[in-house]
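Engineer: Residues 5 to 324 (this note's numbering) make up the sequence shown, in order. Beta carbons are placed, not taken as given, at the ideal position from N, Cα and C, and that holds for glycine.
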Amino acid sequence: MGTASRLSQHHLVSRRRSTRRKPTLRRHHAWPASALHDAPDEPPVAHPAHHDDGLAPLGFDTQPEPSALDLPLNPLAWSAPLQWLRLGWRDFRQAPLIGLFYGLCFVLMGWALVGTFRQAPEYTLALSAGFLLMGPFLCLGLYHASRELEQGRRPTLVGSLGAWRVSSAQLAIFAAVLLVLEMLWGRAAMIVFAISFDGVPDLSGPIATWFTDELITFAIVYTVVGAIFAGLIFAISVVSMPMILDRSVDAVSAGLLSMRLVATQPGVLWLWAACIGTLTLAAMLPGFLGLLLVAPVVGHASWHAYRAALADRPHGTPTP
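Written out as structure tokens, the structure is:
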């Protein structure tokens with residue numbers, strides 16, 4: 005009896021489930037053709053352009069701005085360094101007072117180097133590295149003067165002294181990079197000095213007594229180490245400072261582009277480095293007085309080296 009009652013209830017539940025109305029799917033009804041033609045005219049909706057990467061711009065297509073690293077590099081002739089020096093001499097004659105001011109700064113730095121060598125020779129090598137570090141920043145005013153002359157304006161000393169204000173943040177970053185290299189160079193020089201000598205060498209006697217075996221070995225090792233750091237600084241800064249001044253690019257891009265220039269045209273650029281080194285060394289011999297003339301001429305010439313290598317704008321075009 006109980007079993008029959010349970011079967012009867014199960015049968016009734018099954019019938020209720022079977023007779024319950026099943027939900028029907030909503031169908032999409034197509035609009036008749038007449039309704040489409042009778043629809044009121046509406047302004048067309050602008051759709052963003054389709055991109056293969058699936059990312060649509062916000063209302064319009066944009067083209068990414070070219071990076072400073074993508075700037076084209078002009079081929080340089082082997083005679084280019086001489087042409088740059090001629091242009092540097094021309095700029096010096098057109099603005100002699102500015103050139104002599106910066107030349108005097110280099111002379112004073114040379115005298116400071118000699119004084120340090122006499123009083124504390126162990127710091128001379130590090131100071132000489134700082135000498136090379138300050139060179140590009142002293143030449144910044146010369147770059148400004150050359151740019152003013154190129155654009156048909158008369159440069160002033162006050163304007164050249166304030167040239168760093170154009171991109172002070174990027175110049176500070178670039179200075180920090182050069183400072184790190186200078187510190188590494190100074191540390192390497194101190195290590196070479198400590199390995200080569202037991203103490204401070206006695207250089208009070210005649211020059212002929214200086215040429216000992218340990219001093220000659222020290223000179224060779226230091227020259228090799230110094231050449232490595234000087235070459236690296238040259239590669240980073242050969243066109244970086246004029247480029248930051250002229251185009252207001254970031255310091256990293258300027259340094260990398262400068263290295264790319266040296267890597268793609270090493271012959272001409274290392275010839276230019278040899279010209280700078282030879283002229284600077286010759287100017288140091290007469291009590292550093294030759295730097296009064298050589299330093300500003302080389303500074304002006306470095307501006308023209310930059311313009312020849314990256315002159316994608318016509319010469320004399322005003323910069324923003």
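Just to confirm, is the Cβ distance from residue 287 to residue 294 under 8 Å?
Structural biologist: For the purposes of this step, residue 287 is taken as the residue at position 283 of the sequence shown. For the purposes of this step, residue 294 is taken as the residue at position 290 of the sequence shown. Contact flag set, yes.
Engineer: Between the alpha carbons of residue 238 and residue 309, how many angstroms are there, rounded?
Structural biologist: Here residue 238 is taken as the residue at index 234 of the sequence shown, counted from 1. Here residue 309 is taken as the residue at index 305 of the sequence shown, counted from 1. About 13 Å.
Engineer: Nearest by alpha-carbon distance to residue 219: which of 265, 82, 198 and 117 is it?
Structural biologist: Here the question's residue 219 lines up with position 215 in the sequence shown. Residue 198 is the option with its Cα nearest to residue 219.
Engineer: How would you call residue 319, buried or exposed, if buried means at least 16 neighbouring beta carbons within 10 angstroms?
Structural biologist: Counted from its first residue, the sequence shown places residue 319 at position 315. Note that residue 319 scores a pLDDT of 46, beneath 50, so its modelled location is shaky; the value from the coordinates is reported in the next line. Exposed: under 16 other Cβ atoms inside 10 Å.
Engineer: What are the boundary residues of the alpha helix (DSSP H) that includes residue 88?
Structural biologist: By 1-based counting over the sequence shown, the position of residue 88 is 84. Segment 84-98, the alpha helix (DSSP H) holding residue 88.
Engineer: Does the contact criterion of 3 or more C-beta pairs under 8 Å hold for the stretch 171-181 versus the stretch 150-158?
Structural biologist: These segments do not touch.
Engineer: Kindly list the residues whose CB is nearer than 7 Å to the CB of residue 277, restricted to its own chain and excluding five residues on each side of it in sequence; keep chain order.
Structural biologist: Working through the sequence shown from its first residue, we reach residue 277 at position 273. Taken in chain order, the residues that qualify are 238.
Engineer: Please determine, among 291, 311 and 301, the residue with the shortest C-alpha to C-alpha distance to residue 113.
Structural biologist: Position 109 of the sequence shown, counting from 1, holds the residue named residue 113. With distances taken between Cα atoms, residue 113 lies closest to 291.
Engineer: On the CB-based measure, 16 or more other CB atoms within 10 Å of its CB, does residue 64 come out buried or exposed?
Structural biologist: As a first step, residue 64 is located in the sequence shown; it is residue number 60 there, counting from the start. Interpretation of residue 64 is limited by its pLDDT of 42, a score under 50 that renders its predicted location unreliable; the figure taken from the coordinates is listed afterwards. When all chains shown are included, residue 64 counts as exposed.
Engineer: With DSSP run on the structure shown, which of helix, strand or coil describes residue 79?
Structural biologist: Stepping through the sequence shown from its first residue, residue 79 is reached at position 75. Here residue 79 sits in coil by DSSP.
Engineer: Taking the alpha-carbon of residue 312 as reference, which of 284, 273 and 111 has the nearest alpha-carbon?
Structural biologist: As a first step, residue 312 must be located in the sequence shown, where it is residue number 308. For the residues 284, 273 and 111, the minimum Cα distance to residue 312 belongs to 273.
Engineer: When the cut-off is 8 Å and only beta carbons count, does residue 157 lie next to chain C?
Structural biologist: Annotation note: the requested chain C is absent from the structure, which comprises a single protein chain.
Engineer: So, is residue 51 buried or exposed, given that buried needs 16 or more other C-beta atoms within 10 angstroms?
Structural biologist: Start at 1 with the first residue of the sequence shown, and residue 51 comes out as number 47. Low local confidence applies: a pLDDT of 48 at residue 51 is under 50, so the model's placement there is unreliable, with the coordinate-based value given in what follows. Residue 51 should be labelled exposed.
Engineer: Using the three-state DSSP reduction, which class does residue 253 fall into: helix, strand or coil?
Structural biologist: Counting from one through the sequence shown, the residue named residue 253 turns up at place 249. Coil at residue 253, not helix or strand.
Engineer: Cβ atoms of residue 146 and residue 270: under 8 Å apart, would you say?
Structural biologist: On the sequence shown, residue 270 is found 266 positions in, with the first residue counted as 1. On the sequence shown, residue 146 is found 142 positions in, with the first residue counted as 1. No, the pair does not count as a contact, with Cβ atoms beyond the cut-off.
Engineer: Going by beta carbon distance, what residues of the same chain come within less than 6 Å of residue 95, once the five residues before and after it are set aside?
Structural biologist: Numbered from its first residue, the sequence shown carries residue 95 at position 91. So the list reads 150, 153 and 304, once near-sequence residues are dropped.
Engineer: Take residue 104 as the anchor and find which of 138, 161 and 179 has the nearest alpha-carbon.
Structural biologist: Residue numbering aside, residue 104 sits at position 100 when the sequence shown is read from its first letter. Selected option, being the one with the closest Cα: 161.
Engineer: Going by DSSP in three states, residue 161 sits in which element: helix, strand or coil?
Structural biologist: Reading the sequence shown from its first residue, position 157 is the one you call residue 161. Residue 161: helix per DSSP, three-state reduction.
Engineer: Quick one, which of 243, 115, 102 and 144 has its alpha-carbon nearest residue 159's?
Structural biologist: Sequence index remark: in the sequence shown, residue 159 carries index 155 (1-based). Of the listed residues, the one whose Cα sits closest to residue 159 is 102.
Engineer: Residues in the same chain with beta-carbon distance under 7 Å from residue 144, minus the five sequence neighbours each way, listed in chain order, please.
Structural biologist: Numbered from its first residue, the sequence shown carries residue 144 at position 140. So the qualifying residues of the chain are 167, 168, 245 and 249.
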